[in-house]
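Protein chains in written order, with our numbering: chain A, 21 to 449; chain B, 3 to 265. Heads up, the beta-carbon is just placed ideally off N, CA and C, and yes, glycines get one too. Because the structure is a prediction, the values reported are computed rather than measured. Have a look at the structure below before the remarks.
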Amino acid sequence: MRILKISVLLLFAAALVLPFTFTSTVEGQAATEALTTQMDARLDDSDLFNNLGVLGAAVDECTNPAVAGRSFRDNKAIFEERETVDDGLGPTYNDVACSSCHQAPVTGHVTQINEFRAGSIDGFGNFVAPPGGQTLIQDRAIAPGAQERINTGIDQHEFRSTRTVLGDGFVEAINSNTLAANVAAQPAAQRGQLRTVTVLEAAPNTRIGRFGHKSQHASLLSFSADAYVNEMGITSVLQPNENNILGQSAAPFDGVPDPEDPAVPGFPNGKDVQAFTNFMRALRAPGRGPINSDVTTGQGLFNSIGCAVCHTPSFTTSPAGTTINGGAFIVPAELGSKIIHPFSDFALHNIGTSGGIGAEPGVNDRFATTTIALWGVRTKHRFMMQGDQHTIFDSIQVHAGQAATARNNFNNALNNTQKAQLIAFVLSL
Amino acid sequence: MLARKAFIPSLWLVILTGSVALSGCAKPPAQPIVEEAAAPQSSEAPSPPPQAKEMPQLPPPNLEQVQEAVKRVFKDAVVIDASRKPSFLVGDFNGDSSQDLAVVLKPREGKLSELNQEFPNWIAREPLDELVLPKSKALAHRGASKSPPNPATGQTVRFEQSDVLLAIIHGHGPKGWLDPEATQTHLLRDVVGTNMKTLPFKEAIKAYKGRKPFPTVYGDLIQQTLIGQSGFLHFAGSIYGWYDAKNYNPAAVTAHSAMSRMR
Numbered sequence: 021m022r023i024l025k026i027s028v029l030l031l032f033a034a035a036l037v038l039p040f041t042f043t044s045t046v047e048g049q050a051a052t053e054a055l056t057t058q059m060d061a062r063l064d065d066s067d068l069f070n071n072l073g074v075l076g077a078a079v080d081e082c083t084n085p086a087v088a089g090r091s092f093r094d095n096k097a098i099f100e101e102r103e104t105v106d107d108g109l110g111p112t113y114n115d116v117a118c119s120s121c122h123q124a125p126v127t128g129h130v131t132q133i134n135e136f137r138a139g140s141i142d143g144f145g146n147f148v149a150p151p152g153g154q155t156l157i158q159d160r161a162i163a164p165g166a167q168e169r170i171n172t173g174i175d176q177h178e179f180r181s182t183r184t185v186l187g188d189g190f191v192e193a194i195n196s197n198t199l200a201a202n203v204a205a206q207p208a209a210q211r212g213q214l215r216t217v218t219v220l221e222a223a224p225n226t227r228i229g230r231f232g233h234k235s236q237h238a239s240l241l242s243f244s245a246d247a248y249v250n251e252m253g254i255t256s257v258l259q260p261n262e263n264n265i266l267g268q269s270a271a272p273f274d275g276v277p278d279p280e281d282p283a284v285p286g287f288p289n290g291k292d293v294q295a296f297t298n299f300m301r302a303l304r305a306p307g308r309g310p311i312n313s314d315v316t317t318g319q320g321l322f323n324s325i326g327c328a329v330c331h332t333p334s335f336t337t338s339p340a341g342t343t344i345n346g347g348a349f350i351v352p353a354e355l356g357s358k359i360i361h362p363f364s365d366f367a368l369h370n371i372g373t374s375g376g377i378g379a380e381p382g383v384n385d386r387f388a389t390t391t392i393a394l395w396g397v398r399t400k401h402r403f404m405m406q407g408d409q410h411t412i413f414d415s416i417q418v419h420a421g422q423a424a425t426a427r428n429n430f431n432n433a434l435n436n437t438q439k440a441q442l443i444a445f446v447l448s449l
Numbered sequence: 003m004l005a006r007k008a009f010i011p012s013l014w015l016v017i018l019t020g021s022v023a024l025s026g027c028a029k030p031p032a033q034p035i036v037e038e039a040a041a042p043q044s045s046e047a048p049s050p051p052p053q054a055k056e057m058p059q060l061p062p063p064n065l066e067q068v069q070e071a072v073k074r075v076f077k078d079a080v081v082i083d084a085s086r087k088p089s090f091l092v093g094d095f096n097g098d099s100s101q102d103l104a105v106v107l108k109p110r111e112g113k114l115s116e117l118n119q120e121f122p123n124w125i126a127r128e129p130l131d132e133l134v135l136p137k138s139k140a141l142a143h144r145g146a147s148k149s150p151p152n153p154a155t156g157q158t159v160r161f162e163q164s165d166v167l168l169a170i171i172h173g174h175g176p177k178g179w180l181d182p183e184a185t186q187t188h189l190l191r192d193v194v195g196t197n198m199k200t201l202p203f204k205e206a207i208k209a210y211k212g213r214k215p216f217p218t219v220y221g222d223l224i225q226q227t228l229i230g231q232s233g234f235l236h237f238a239g240s241i242y243g244w245y246d247a248k249n250y251n252p253a254a255v256t257a258h259s260a261m262s263r264m265r
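Structure below.
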């Protein structure tokens, strides 16, 4: 009898304890570190792949040509593919492939290539876009008559350096409210501006922008379609109109019907645009370089003097299963609840380094620019928005405006050893 | 026996209670999670101020204020070169609607090492060497003083006791260069000429209208006569360049400012 009573009591205790043992968090999973790449082109594609989808077989133009959406390697090959006039290249364009700009040291990262933007200032000090309304002046054209050439009256110039797309699938998966909370916690003098933009594939739904030098896109699909038409001149379902040629119609030079990347079964936004998107979503985040004691100390200094206010060290992505992008995308397990270290708040700040091109809707300061993510910065040799600085030291010195306090702290609060440690930390990213 | 009879209902009660507890705490059926639209930032949240169209007017500068600003950046490493007339100018040289200070300096005796410290609080540049003069004509006496790049900062400029320097201290906010936060400084060597004056941006546009080739101009100019030519110092986006009709080299500016794609 006594044994029976004890057994019943144990059963009761187990009934109380077991549910707590197996209860999941609201998100259904604990956050874990995102997979990172060593950014070493000598390594296999698997070093870039974050396991979203399948890695796939090596692509060979003769024996195994790329098929959009089939695998990571297929999508990577399409990201690297050189477009031609028959594909719809131009009439104005900057380069022939995504990987022309996002190439070194591995596909998806950066190059030295800058976009060229221009405009002018009217007599009242207002920014005026060039004829046709587009500030982007494409560097190339498919015919002499299509080449854009500004006149000397369009005298405000700005260059926009290539940003990495490594890890952008994780960035896309950050909840807009997470970005908002981060910015809300910044000191007023350094607080960034988040920009609400339309998700093109879910219009008119909006979301907090995070891609581009002006946070002009919130989804990788929107970003891909934008880059396809602006950098390569290839129209798609989400961007069906060719760029004009400084106000002149591009039609006389445009032999391929728009959209040049049309909707087809299984690809309502176009095969290429979807392949670019899938490739970027499946990319790992940039991994760290060697970490020694100087680097570790430098990270503490980076935080303490205020750099980390805008160069936010960590975010956790939305849980798997979260619907984002205005309802157009559900965060998959490979991207959900992942801790990433972009060292950006994806907010716009005026730090005195922009050329002031653009009067984008929703941006209250034309000199504001989105904090550049520092992950992967150790592979670069030109820094800042315009790519016009050659050393980390000079890059720190040109920080002004909202970053003036952090720069002054670097100059005045650190001794030489500490300054070297902070620079060592930045160059470990 | 009685105890056993009383225990059986208790057993059922315990099992029932346990079941209820279990079902209550069990994982609920999966609910779709939808990212909520982020609340717009409150009106006081976005701190980047709208770009002021006009620079706030400040009273004319006096020497004491200039000395204070110089000390803020350089501590005791330099002195103002009072032999120059003028020895300082103000204007919005970088075009950010905040008044900047340009001041002529000399290294203080015995303080050269501070000027050449490993991590200076300024950006040291030689606009003529970098942007204008072909290397073969670069100031010859500099050849011997060129040092290997500072491994920590990448900077190569080494100042000498005989140097005449122009420091441009960028303003911060409406108080301009008078603001205690205003320390961003470009320290330029060999760019102090004669008849130095500020040429306001709007006047500059009129004065040089139609001139080709011509640099992109962001703000007010420091007009003067240098290397025998009338021209101006101008902010070129991240560095200061020199323009005169004879020596201006747009290719050098372009290359230096990463304005070429260098494909």
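Nearest-angstrom Cα distance between residue i and residue j?
i, j, result
"A/ASN195", "B/LEU60", "45 Å"
"B/GLU205", "B/SER232", "16 Å"
"A/THR399", "B/ASP83", "43 Å"
"B/MET198", "B/GLU66", "20 Å"
"B/ALA39", "A/THR198", "11 Å"
"B/PHE237", "A/ASN84", "54 Å"
"B/LYS214", "A/GLN176", "15 Å"
"A/VAL148", "A/ILE141", "6 Å"
"A/GLU380", "A/VAL185", "22 Å"
"B/LYS177", "A/GLN158", "39 Å"
"A/VAL219", "A/ILE360", "23 Å"
"A/LEU156", "A/PRO111", "14 Å"
"A/ARG386", "A/ASN146", "10 Å"
Consult DSSP for residue i and reduce its assignment to one of helix, strand or coil.
i, result
"B/VAL194", "coil"
"A/VAL257", "coil"
"A/TYR248", "helix"
"A/ASN84", "strand"
"A/ASP314", "helix"
"A/ALA78", "coil"
"A/ASN384", "coil"
"A/GLY320", "helix"
"B/ALA247", "coil"
"A/ILE98", "helix"
"B/ALA47", "Any reading at B/ALA47 is ruled out, since the residue's pLDDT is 40, under 50, leaving its predicted position unreliable."
"A/LYS234", "coil"
"A/ARG93", "helix"
"A/LEU156", "strand"
"A/PRO362", "coil"
"A/GLY139", "strand"
"A/LEU241", "helix"
"B/LEU65", "helix"
"A/ASP107", "helix"
Might you give, ordered along the chain, the residues of its own chain that have their beta carbon closer than 7 Å to the beta carbon of residue i, omitting 5 neighbours on each side?
i, result
"B/ALA140", "Any answer about B/ALA140 is weak, because its pLDDT of 46 lies below 50 and its placement is not dependable; what the coordinates show is given next. ASP131."
Could you name the residues of the same chain whose beta carbon sits closer than 8 Å to that of residue i, not counting the 5 residues immediately before and after it, in chain order?
i, result
"A/ALA420", "ILE371, GLY372, THR373 and ARG427"
"B/ALA154", "GLU120 and PHE121"
"B/GLN163", "PRO109, GLU111 and LEU114"
What residue does the alpha helix (DSSP H) around residue i start on, and which one ends it?
i, result
"A/ILE443", "436-446"
"A/ASN431", "424-433"
"A/THR297", "291-301"
"A/SER119", "118-121"
"A/ALA328", "327-330"
Excluding the 5 residues preceding and the 5 following residue i in the sequence, name in chain order all residues of the same chain whose CB lies nearer than 6 Å to its CB.
i, result
"A/THR297", "LEU240, LEU241 and SER244"
"A/VAL276", "GLY108"
"A/VAL116", "ARG102 and GLU103"
"A/ASP278", "THR255 and PRO260"
"A/ALA444", "ASP314, VAL315 and GLY318"
Start and end of the beta strand (DSSP E) containing residue i?
i, result
"B/VAL80", "80-82"
"A/THR131", "A/THR131 -> no beta strand (DSSP E), and no H or E assigned at all."
"A/VAL217", "216-218"
"A/ILE228", "226-228"
"A/ILE344", "342-344"
What are the uninterrupted segments assigned as beta strand (DSSP E) that are 3 or more residues long and contained completely in the region 153-235 of chain B, given in chain order?
-> 167-171, 187-191, 196-201 and 223-228
Output the residue ranges of the alpha helix (DSSP H) runs that lie fully inside the region 393-418 of chain A and measure 4 residues or longer, sorted by chain position.
-> 412-418
Contiguous alpha helix (DSSP H) assignments of at least 4 residues, all confined to the region 67-138 of chain B = 114-117
Let me know the alpha helix (DSSP H) ranges lying completely inside the region 181-221 of chain A, each 4 residues or longer, listed in chain order.
-> 188-192 and 196-204
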